[in-house]
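Novice: Be aware that the sequence shown starts at 46, since it is given in this note's numbering, and climbs by one per residue. We put the beta carbon where it would ideally sit given N, CA and C, even for glycine. Structure below; questions to follow.
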Amino acid sequence: MYLNDDTFGSSATSLTSLAVVIFITLSLYCFYVRELTSLRNVPGPFFASMSPLWLITSQRTFQRPHVDLDLHEKYGPIVRVSSNEVIVSSTKSRHVIYGATSKFPKGDWYIPTGSAGWSDGDELDFLSELDMDKYRLQRRLVGPAYTDNFMRQIEGNLDKILERNIEIMIQRAGRIEDVDHVANFLASGMILSVRIIRGFFHSCDLDCLQVATFGESKGLLEAGVDDGAIQLTMNLWGYMHWVGYVPVYHRAKKWFNMIVKPKLCIILAILPDLPTRKTTMHSKPASQMTEHVFVWARKRIRDRFDSFASQKLPTQATDIATRLLQIHAEKPALKPHWVAEMLGTNFGAGVETTAITISSFLDFVISHPGCQEKVQKEIDEAREAGKLSKLPKLREIESLPYLSACLNESKRLHPVVGSPLQRVVPHGGIELEGKWLPAGTAVGINPWVMGRNKSLFGADADAFRPERWFEMSREQWKACEANSMFFGAGVRSCPGKHLAQAILSKVLPLLLMELCWSHAQPGTGRPIRSAFMTRLHKVKVQWKKREVTEVSLRDEAEPIVFV
């Protein structure tokens, strides 16, 4: 076929025309979303107003807490961060969005945290659940297994694993000369990169969660292995924290994995095998691989159901699994697969909350001169007075007000969640911070921003200063607690917060009672990596056994009567 110059010229003209049409269309779209929508008067970065791309890019920096703090510093209490999303920062807006009577449903960001619509809708998933009637029913049903009273009933399980784990830490702290083995914290026992220290506390925390849930533990800390659960959880949040802003991508991926992929596997199964290239790489046999905690938990759940079918449940529950099975027997509305999903949630969400909190608490206490010494002096005095056991009991933390104040400061300055808790403006629209937001607008508050609210915490809200909690009036203290977003907000707060608080109340006094902590590389600041869950990044610490010159300290504290 003969092509002349006119043919090429016509093709070039068509491509130019197409490019012009695309440019004009995009320009009109950008002008519309920026200047003609109801959000046109909301301040914010120029490119953020045009599409979710600016927001996705910000998420991918893993610095979302600092991004939002800087945005509010520059633009004020309400900022437009996408074509249809704003973030706010005031306590008044918090009450409207997350209060007990709020009608704001969760936003599309939560779609990837669940089944994305590719299920029968009968799962238990408190993070992604949008049906509030179903959510409230499930919370009521599982609630008795997560109360403060039940945590005290099962704390003996925690005592056993904590006693063993603190012994391991003391043994490893004695090998200070092995600091060169920083790549392997179990070999050195002294210096840990934040990934390693995070892994260390994740292992310790997983041990605690396992004994609280099933009455037994894999002994990860003692074994000195990452069973894969830590990295699996990190990878999961690393994906979800940005893909929530493009849920159509996740829906398509879920559709392919659940609908298309199984059919492809059937087709591939009937095709002849293709020749494979030999490799010199060797993998460990499956029998030698360590199963991660989620596989381990599924087996324990199956064993519990088998046991439940063949024999009576004990009258006194000694772990969360038994308590949930008791509730299931009393109230069949708590379905068996809901029990299994709730038990799995203990490890999917619980380990992040407590491990990150322990790491950030220690970093703050180490970073501020005299703080660690004050906490340890308070612990020693409480032990001497018989108010604190060698293995701290729940609520004995009430005899440690300065440690509690340090924990409060750590929780407000370094909440576990570092992204806004997204909600959607309901039908009829609403005015927030003097700006009209139409129905369907995504809106949220970043817990890091609320924790630094100057109307709550004063002009020095950015500073770690535990003394502020002693200076507050009762009304101020109540306001700070009411506006805390550490465990979420309103009716969607964390169902396992009493479990997390129980672990923190026992672990933190124990770590500072027995050990002295310091930074291995002082002056590196507090770098973070935020993938929804916000961790310290590349912070190095070391510990050694405390030498307490004193007094006879009783193993058990005097009984405390709580009114």
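#1: Hey, would you say His543 sits closer than 8 Å to Thr192, going by beta carbons?
#2: I need the boundaries of the beta strand (DSSP E) containing Glu476, first residue and last residue.
#3: Between which two residues does the alpha helix (DSSP H) containing Glu130 stretch?
#4: Specify the secondary structure class of Lys344 as computed by DSSP and reduced to three states.
#5: If you drop the 5 nearest sequence neighbours on each side, which residues of the same chain put their C-beta closer than 7 Å to that of Leu169?
#6: Once DSSP output is grouped into helix, strand and coil, what is the label at Thr579?
#7: Pick from Pro359, Lys422, Lys499: whose alpha carbon is nearest that of Leu448?
#8: For Val488, which of helix, strand or coil comes out of DSSP?
#9: Cβ atoms of Gly393 and Glu541: under 8 Å apart, would you say?
#10: Would you check if the distance between the CB atom of Leu549 and the CB atom of Leu445 is smaller than 8 Å?
#11: Please classify Leu477: is it buried, with 16 or more other beta-carbons within 10 angstroms of its beta-carbon, or exposed?
#12: Would you kindly work out how many angstroms separate the C-alpha atoms of Tyr15 and Leu458, rounded to a whole number?
#13: From Thr58 to Ala64, what does the alpha carbon distance come to, in whole angstroms?
#14: How far does the beta strand (DSSP E) with Ile123 in it reach, from first residue to last?
#15: Which whole-angstrom value is the C-beta distance of Arg468 and Gly152, which I expect to be below 8 Å?
#16: To which residues does DSSP link Lys480 through a beta bridge?
#17: With DSSP as the reference, identify every bridge partner of Cys561, one or two as the case may be.
#18: Does the distance from the C-beta atom of Ser96 to that of Ser128 stay below 8 Å?
#19: May I have the straight-line CA-CA distance separating Glu520 from Tyr155, to the nearest angstrom?
#20: Going by DSSP in three states, Lys357 sits in which element: helix, strand or coil?
#21: Which residues share a DSSP beta bridge with Arg574?
#22: Below 8 Å, can you find three or more Cβ-Cβ pairs linking the region 284-302 to the region 99-114?
#23: Taking buried to mean at least 16 other C-beta atoms within 10 Å of its own C-beta, is Ile212 buried or exposed?
#24: Please report the distance separating the alpha-carbon of Met517 from that of Leu172.
#25: DSSP puts Arg468 in a beta bridge; with which residues?
#26: Please report the distance separating the alpha-carbon of His140 from that of Arg497.
#27: Quick one: grab the DSSP three-state call for Val462.
#28: Out of curiosity, what's the CA-to-CA distance linking Thr61 and Phe68?
#29: Output needed for Gly474: all residues of its chain with C-beta closer than 7 Å, excluding positions within five of it in sequence on either side, in chain order.
Specialist: This is what the structure gives:
#1: The residue given as residue 543 occupies position 498 in the sequence shown. The residue given as residue 192 occupies position 147 in the sequence shown. Yes, the Cβ-Cβ distance between His543 and Thr192 is below 8 Å.
#2: Translated into positions along the sequence shown, residue 476 becomes position 431. That run of the beta strand (DSSP E) goes 475-477.
#3: Working through the sequence shown from its first residue, we reach residue 130 at position 85. Note, Glu130: premise wrong, no alpha helix (DSSP H); beta strand (DSSP E) at 130-133.
#4: What you label residue 344 is simply residue 299 of the sequence shown in a count that begins at 1. Helix at Lys344.
#5: The residue given as residue 169 occupies position 124 in the sequence shown. Gln183, Trp383, Glu386, Met387, listed in sequence order.
#6: Here residue 579 refers to the residue found at position 534 when the sequence shown is read from its first residue. In the structure shown, Thr579 adopts extended strand secondary structure according to DSSP, grouped into three states.
#7: The count along the sequence shown starts at 1 and reaches residue 448 at position 403. Nearest of Pro359, Lys422, Lys499 to Leu448, Cα basis: Lys422.
#8: The residue you call residue 488 lines up with position 443 of the sequence shown. Three-state DSSP puts Val488 in a strand.
#9: Start at 1 with the first residue of the sequence shown, and residue 541 comes out as number 496. Start at 1 with the first residue of the sequence shown, and residue 393 comes out as number 348. Checking the displayed sequence, the identity of residue 541 turns out to be Gly instead of Glu. In this structure, the beta-carbon distance from Gly541 to Gly393 does not fall below 8 Å.
#10: Walking along the sequence shown from the start, residue 549 turns up at place 504. Walking along the sequence shown from the start, residue 445 turns up at place 400. No, Cβ-Cβ distance for Leu549 and Leu445 is not below 8 Å.
#11: Counting from one through the sequence shown, the residue named residue 477 turns up at place 432. When all chains shown are included, Leu477 counts as buried.
#12: The displayed coordinates of the chain run from 46 to 608. Any statement about residue 15 would go beyond what the structure contains.
#13: As a working note, residue 58 is residue 13 in the sequence shown. As a working note, residue 64 is residue 19 in the sequence shown. Cα to Cα, Thr58 sits roughly 10 Å from Ala64.
#14: On the sequence shown, residue 123 is found 78 positions in, with the first residue counted as 1. Element bounds for Ile123: 123-127.
#15: Here residue 468 refers to the residue found at position 423 when the sequence shown is read from its first residue. Here residue 152 refers to the residue found at position 107 when the sequence shown is read from its first residue. The distance from the Cβ of Arg468 to that of Gly152 is about 6 Å, consistent with a contact at the 8 Å cut-off.
#16: In the sequence shown, the residue the question calls residue 480 occupies position 435. Note: Lys480 sits in a beta bridge opposite Leu477.
#17: Taking the sequence shown and counting its residues from 1, the one referred to as residue 561 is at position 516. Answer is Lys589.
#18: Residue numbering aside, residue 96 sits at position 51 when the sequence shown is read from its first letter. Residue numbering aside, residue 128 sits at position 83 when the sequence shown is read from its first letter. Against a cut-off of 8 Å, the Cβ pair of Ser128 and Ser96 comes out as a contact.
#19: Here residue 520 refers to the residue found at position 475 when the sequence shown is read from its first residue. Here residue 155 refers to the residue found at position 110 when the sequence shown is read from its first residue. If I take the Cα positions, the gap works out to 34 Å.
#20: Taking the sequence shown and counting its residues from 1, one reaches residue 357 at position 312. The answer is coil: DSSP assigns Lys357 none of H, G, I, E or B.
#21: Within the sequence shown, residue 574 is the residue found at index 529, counting from 1. Its beta-bridge partners are Arg580.
#22: In short, these stretches touch, since the Cβ pair count reaches three.
#23: In the sequence shown, the residue the question calls residue 212 occupies position 167. It is Glu, not Ile, that sits at residue 212 in the sequence shown. Exposed is the call here.
#24: The residue labelled residue 517 in the question sits at position 472 within the sequence shown. The residue labelled residue 172 in the question sits at position 127 within the sequence shown. In a straight line, the C-alpha of Met517 is about 33 Å away from that of Leu172.
#25: By one-based count along the sequence shown, residue 468 stands at place 423. Per DSSP, Lys151, Val488.
#26: Taking the sequence shown and counting its residues from 1, one reaches residue 140 at position 95. Taking the sequence shown and counting its residues from 1, one reaches residue 497 at position 452. Between the alpha carbons of His140 and Arg497 lies a distance of about 17 Å.
#27: Counted from its first residue, the sequence shown places residue 462 at position 417. Val462 falls in the strand class under three-state DSSP.
#28: Within the sequence shown, residue 61 is the residue found at index 16, counting from 1. Within the sequence shown, residue 68 is the residue found at index 23, counting from 1. Cα-Cα distance, rounded: 10 Å.
#29: Mapped onto the sequence shown, residue 474 falls at position 429. Leaving aside the five residues that flank Gly474 on each side, the residues in its chain whose CB is nearer than 7 Å to its CB run, in chain order, Trp481, Leu482, Pro483, Ala484.
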